[in-house]
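The numbering used here applies: residue 23 is where the sequence shown begins, and numbers increase by one. Quick reminder that beta carbons are idealized off the backbone N, C-alpha and C, glycines included.
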Amino acid sequence: MGATYHPQLKQNLISHGGNFWAATADQMIAYVSCHDDFCLGDRLKKVVPLIPEPELIRLCKLAATAVLTSQGIPFIYAGEEMVRDKRGVHNSYKSPDAINAIDWNRKTRYNTLVEYYKKLIALRKAHPAFRLRTAARITRHLEFLPVKNRHVVAWRLKDHAGGDPWKDIIVVLNSNRHAIKVEVPSGNYQVVCKEGEIELSGIERVKGKEILVPAQSGWIMYR
Numbered sequence: 023m024g025a026t027y028h029p030q031l032k033q034n035l036i037s038h039g040g041n042f043w044a045a046t047a048d049q050m051i052a053y054v055s056c057h058d059d060f061c062l063g064d065r066l067k068k069v070v071p072l073i074p075e076p077e078l079i080r081l082c083k084l085a086a087t088a089v090l091t092s093q094g095i096p097f098i099y100a101g102e103e104m105v106r107d108k109r110g111v112h113n114s115y116k117s118p119d120a121i122n123a124i125d126w127n128r129k130t131r132y133n134t135l136v137e138y139y140k141k142l143i144a145l146r147k148a149h150p151a152f153r154l155r156t157a158a159r160i161t162r163h164l165e166f167l168p169v170k171n172r173h174v175v176a177w178r179l180k181d182h183a184g185g186d187p188w189k190d191i192i193v194v195l196n197s198n199r200h201a202i203k204v205e206v207p208s209g210n211y212q213v214v215c216k217e218g219e220i221e222l223s224g225i226e227r228v229k230g231k232e233i234l235v236p237a238q239s240g241w242i243m244y245r
């Protein structure tokens with residue numbers, strides 16, 4: 023929500039003092055990794071010990087999807103798109119280059135993740151629905167969808183939000199280790215993000231009022 027007020031959110035459940043503190047979405051920076059504390063790759067390795075690399079990549083893609091579909095200003099930590107690794111050092115201000123330097127060889131190793139970031143950025147730049155500025159516009163055009171599972175969030179950007187060419191955009195983030203069903207407004211949709219793949223020209227078409235979102239992945243579709 024870009025930290026702006028929204029009537030569907032319960033204020034007492036919000037962290038950082040329980041306030042909708044931003045007057046406009048561009049006052050808020052959305053990120054999952056920065057120079058402070060663990061970078062994203064190290065954080066995931068810490069909270070999921072012995073995490074298999076395929077799961078690590080899935081969660082990195084899911085985290086990036088959350089950031090780049092959020093209202094507000096997205097921030098990407100340098101090297102995050104290639105699973106930057108500081109060898110588990112969370113406060114590296116006095117660590118040597120061996121810890122802090124970006125290993126550019128990782129760009130080849132994690133090329134599929136790099137390409138995913140590129141396509142997410144292109145998606146955001148092409149669609150003003152992801153870049154609404156005022157709280158009034160966000161409240162009018164962004165609607166959270168009901169979900170029956172924990173660790174899932176789903177929303178709709180509706181009515182050509184921000185003058186977007188897509189009338190309705192559905193975004194679902196599923197961090198569970200299993201697929202989940204989500205109810206959506208009934209319709210004929212073009213899927214552009216599914217199972218860690220993004221194609222702005224479309225992946226597949228789905229019809230109906232329910233979708234099955236694969237494990238640990240984001241889902242984006244429009245009509």
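Express the C-alpha separation of Asn113 and Glu205 in angstroms, rounding to a whole number.
So the alpha carbons of these two residues sit roughly 42 angstroms apart.
Could you please give the first and the last residue of the uninterrupted alpha helix (DSSP H) stretch that includes Arg146?
Note, Arg146: alpha helix (DSSP H), 133-148.
Would you report the Cα separation of Tyr115 and Leu62, rounded to the nearest angstrom?
So the two alpha carbons sit approximately 17 angstroms from each other.
Going by the beta-carbon positions, is the gap between Leu84 and Leu154 smaller than 9 angstroms?
No. Outside cutoff.
Between Arg128 and chain B, is the shortest Cβ-Cβ distance under 9 angstroms, so that the two count as touching?
Here there is only one protein chain, and chain B is not present.
Considering only C-alpha positions, which residue in the set Gly218, Ile73, Ile51, Pro118 is nearest to Thr134?
Per the Cα distances, Gly218.
Pick from Pro76, Asp181, Val89, Asp186: whose alpha carbon is nearest that of Tyr132?
Ranking Pro76, Asp181, Val89, Asp186 by Cα distance to Tyr132 puts Pro76 first.
For Lys108, name the three-state secondary structure that DSSP assigns.
Reduced to three states, the DSSP call for Lys108 is coil.
Here's the rule: buried if 16 or more other CB atoms are within 10 angstroms of the residue's CB, otherwise exposed. What is Lys108?
With 16 or more other Cβ atoms within 10 Å, it is buried.
Given 8 angstroms as the limit, tell me if Arg159 has its C-beta closer than that to any heavy atom belonging to the ligand ATP.
As far as ligands go, the structure on display features none, and thus does not contain the ligand ATP.
Helix, strand or coil for Gly224? Go by DSSP, reduced to three states.
In the structure shown, Gly224 sits in coil (DSSP, three-state: anything other than H, G, I, E or B).
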